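Chains as they are written, first to last, in the numbering used here: chain A, 1 to 404; chain B, 405 to 1232.
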């Protein structure tokens, strides 16, 4: 016989809510309750951990297990409960998939087909791959060969589209492989998710390749260009296509354009050999040959910088943007996207950004007060000092926000 | 190799030869006039010359290019002739050879702009136009035409060592306040005495608008006209005191004194900017201390009209082509003069008279081909059918028009093969987006053979003209030439003209490229002395400097040079070059801050050792007459400056408003949740189809505040589908609802305790149990269908559905969906 003794009354407020819902019963629907005042015990905390991590309620048995782990008077720890929740496939198929999907397109829409970018994020988190290699690893996750999926193709997304259409479980059916082995890119030209086909299609297509940098900054450093605007840096690497007197007014350039381009252009130079070819539907890499898009509108300012190669320099290591926390063990310059990915992935801003994104996803709010910020700082410390393991961040965040 | 040529006072020696030099002449380096064709002078006033024929080709060239233009009585010929005998008699009518001799005493064929003839008219000596600069330009053009034959080569740039001057302390507008300007100058004087014209709202509206009610607008306009370091030299003061321009109180000296006192009072509020004594800095220069680096090398052999917009004030843009009659354009509406030569059309136009414009008709019909050339800065890329250059009569009739439509240039041209309105137009390809809101050199050519072509920045950008070349027999000579609008003012183009020229020949691609390479605007070579730093006499850093627009300067082509070719410095390190202005480093635009070079004589080219390809734009402060520049170095020779980095940004976090601690599940979570609690496979066809159609109608963010009624409707639809599949599948239903008989009639199936067979599985699976944050079990059960003996819940869902006559499965689905689509599953 099931124990119903612990089903609590929710008081007058709740009764009012239920009475109000009676109207909807006429069509057989119980509407949503959006105010649930209650004190959370271990069982409620366990449910919330599961809800937030897996996106679905726990089964009765899992809830019992997790309750025991959360209960301070019983065996296990709350972190164990979080890891238990992450054993639910929906953590990968729902939570992580939608966690990563907005990073893979310019509209930042979550409604995009499953792609290699998303799958790689899911796989890296699942396998505890150090997440600071997200932007530099020669790695991509594909569906297991036994699934009979169309093979990974650098010219279309069929492999992942079918995986999604067949609702293949990413918890059990994703396998890591070298990106260079399937995409045709040389290993030293791979740069984690930045050189996945989905990222290339979204951010290397047309334009000037600045989009790849800007969206990487936005998605993985949690700063848009406005937040790193610094007019004091030398503008010597700003390309020729940036008008220095737009519409005949150089104040616009000197007060606005320069503040982003002086730092962005020398960093985005790392992508000088990349393009997304819309005709072939695949990423294009031309080592030693700067893509023509780097010379678009070169007459806008003939005295601007002409890109000779893919050397990048991080001007933000000086001046106000030092606040992004660059890794002093790295040189701050290099050639190509992979070393740029290292530069970005090992910054304090990258680590902090991942933790903040997890915090938002699990707590359903940004850090909002001193307690939250302290918790975030602690989790960033834990993240960077113990191998950049994202599941640990999810677990710690879920426990912090499990209610009390 | 630097060409150093000795000539009179200025040494002219080939570099590498011994001898101390202080002057360098650089041949053909961007400034020389190399035109060799005669300018078109077909409509110069006819002369009645009947004296001896020109003795030489050079005399003939003088006659064609200069004498024919100046001999008339309303020009130099009114005085400098053989009857009035005003010497020198270079416009005498009796003997062209004697006139030629006289002219040689006042013309400098190697440097036409330095001619006495030019300087005289340039300082107002009987200039036949209202702007003496325009007369000087025209005279220069004529002499260049003569020199084109005589000199046989380009004009040469003379690099003279500037007077050594240390950067002085000065006052900068960076330290001035708009409020002080308003209180001390704008309010008391400008709005009181100048608002009759110098505001945009005045019936006699006259740029610049330094008396505008809006202090910010007035301040911007007034800045270049106030000399903070020397108020007596302010343009405001000079205009009153020396040029007697609309003085008040019947005394120009009193007005000037009052203005000077006001500016002095304002200047007194501005602290001096003291140069940092630790800086390693060069000598200081103003732009006007430099050597003019522009003015020639354009191909002008068939040029029949030219507007360079040098005047900088007034309402006339002069045609300085030297080809009569000049099509001087009257500026009207809202326009502004553009710093560094140009005019910006905001809502106005620049239009010539129909009689003067007839020059184009006559000279172009004579050749049957022509070229429109313009340096323009489109203000935006959103304007359509905006006339840039037009020779037309209104919206429906034109000889030609160059216009902007979004990112495209359009070229309309009347011929026997096109309409009277010049249609169909030839356009640049839209996909290429060649038109940008940046300075562009656009050239439109027409010839009967090749039709129309458009070149942008030296490159042909149009495909072959689909319209065959026709004749210009239908051209009208009653149209007017206009810039920036249609003559009817119905085709406004917003943007800036830096130069416009008309040619009655098709410029070749090479000639177009040549004119593009010359650029536009006034450029100067500035020599920043560094000899004291590196102990190399006559050592300079050379820059080409131009006023870029009304708000900035452009520094390009940095070179290291020594004017004394015996100096052969080598291995001198230079790092971190920055541009200083008015006693301090420019705060922005330091393109050379990362420079790392070694100065060596062995690297010398024409202008010395090139140091960088890139240019720098730095903000204008006081204006080109007053801004004083210098260079600083982090390392030069043995001297260093220890620069401190700006500190990292410190972000002080602020608390956000308290946020909800719970939220709603989002689309995929809702689907997965429904699948989990119903045991229905989400891949089941009906469910999947329904979900895919509803996916984007479900909540996408967790915030409860963003939850909409439409979300609830979508949730309901999905819940019903899940419940439908669950209950219609006998095996699944039996497993989920053990003991419940779906085949019984409704009344029996839901009789008494049977209801628990439906309700309990639903509530337990969907709501969970023992969870305090979920609704109370009894409350939910009673709402759904629990009947107490005392009838306290007569209107529960099951009873209501029973009373409607619904079937067992339908009632079951309704009850199922009521729970599944409710807050118990939605809220997380």
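Backbone N, C-alpha and C define an ideal beta-carbon position, used for all residues, glycine too. Computed from a predicted structure; not experimentally measured.
- Nearest C-alpha to residue 1103 of chain B among B:605, B:674, B:1071: B:1071.
- At a cut-off of 8 Å between beta-carbon atoms, residue 731 of chain B makes no contact with chain A.
- Counting along the chain, residue 43 of chain A sits inside the alpha helix (DSSP H) bounded by residues 42-54.
- Against residue 742 of chain B, the close residues of chain A are 248, in the order they occur along the chain (beta-carbon pairs closer than 8 Å).
- Taking the C-beta atoms as reference points, residue 48 of chain A is found no nearer than 8 Å to residue 54 of chain A.
- Taking 7 Å as the upper bound on Cβ-Cβ separation, chain B lies near residues 231, 232, 234, 235, 236, 243, 244, 245, 246, 247, 248, 249, 250, 251, 253, 254, 258 of the region 230-263 of chain A.
- Only exposed fits residue 648 of chain B, as fewer than 16 other CB atoms lie within 10 angstroms of its CB.
- Look at residue 896 of chain B here: in three-state DSSP terms it is coil, with no helix or strand label.
- For residue 952 of chain B, the residues of chain A that pass the 9 Å Cβ criterion are 244, 245, 250, in the order they occur in the chain.
- With a threshold of 8 Å between beta carbons, residue 107 of chain A makes no contact with chain B.
- Looking at the DSSP output, residue 957 of chain B shares a beta bridge with B:951, B:1022.
- Counting only the Cα atoms, residue 805 of chain B lies some 6 Å from residue 815 of chain B.
- Residue state for residue 740 of chain B is assigned as strand, using DSSP reduced to three classes.
- Residue 678 of chain B has a beta carbon lying at 8 Å or more from every beta carbon in chain A.
- Per the coordinates, the alpha-carbon of residue 787 of chain B lies some 11 Å from the alpha-carbon of residue 841 of chain B.
- Counting only runs of 3+ residues, the beta strand (DSSP E) found wholly inside the region 727-771 of chain B occupies 733-741, 747-755, in chain order.
- CA-CA distance, residue 387 of chain A to residue 87 of chain A, rounds to 21 Å.
- Cβ-Cβ distances below 6 Å link residue 803 of chain B to 795, 818, 879, 883 in the same chain, with the five nearest sequence neighbours on each side left out; the list follows chain order.
- With contacts defined by Cβ atoms closer than 8 Å, residue 929 of chain B and residue 1024 of chain B do not form a contacting pair.
- Residue 635 of chain B sits buried, since 16 or more C-beta atoms from the chains shown fall within 10 Å of its C-beta.
- The C-alpha of residue 339 of chain A lies about 47 Å from the C-alpha of residue 624 of chain B.
- Distance from residue 207 of chain A to residue 97 of chain A at the Cβ level is roughly 27 Å; contact not present, criterion being Cβ atoms closer than 8 Å.
- In the three-state DSSP reduction, residue 1208 of chain B falls in the coil class, being neither helix nor strand.
- About 4 Å separates the CB atoms of residue 888 of chain B and residue 749 of chain B; that is less than 8 Å, so the two are in contact.
- The shortest CA-to-CA distance from residue 1002 of chain B to any of B:638, B:1041, B:996 is the one to B:1041.
- Judged by DSSP in its simplified three-state form, residue 1053 of chain B adopts coil rather than helix or strand.
- Residue contact check for residue 748 of chain B against chain A: a CB pair falls below 8 Å.
- Taking residue 197 of chain A as reference, the option from A:105, A:310, A:69, A:305 with the minimal CA-CA separation is A:105.
- Contact between residue 1063 of chain B and residue 365 of chain A is confirmed by a C-beta separation of about 4 Å, below the 8 Å threshold.
- Interface criterion met: the Cβ of residue 369 of chain A is under 8 Å from a Cβ in chain B.
- In the DSSP annotation of this structure, residue 456 of chain B is not part of any beta strand (DSSP E), being labelled neither H nor E.
- In the structure shown, residue 93 of chain A falls within a helical segment according to DSSP collapsed to helix, strand and coil.
- Counting only the Cα atoms, residue 1093 of chain B lies some 10 Å from residue 1086 of chain B.
- Under the 8 Å criterion on CB atoms, residue 995 of chain B is classed as interfacial with respect to chain A.
- Contact check between the region 1007-1015 of chain B and the region 239-256 of chain A: fewer than three CB pairs, one atom from each, fall below 8 Å, which does not count as touching.
- Comparing alpha carbon positions, the residue from B:1199, B:664, B:1121, B:543 closest to residue 479 of chain B is B:543.
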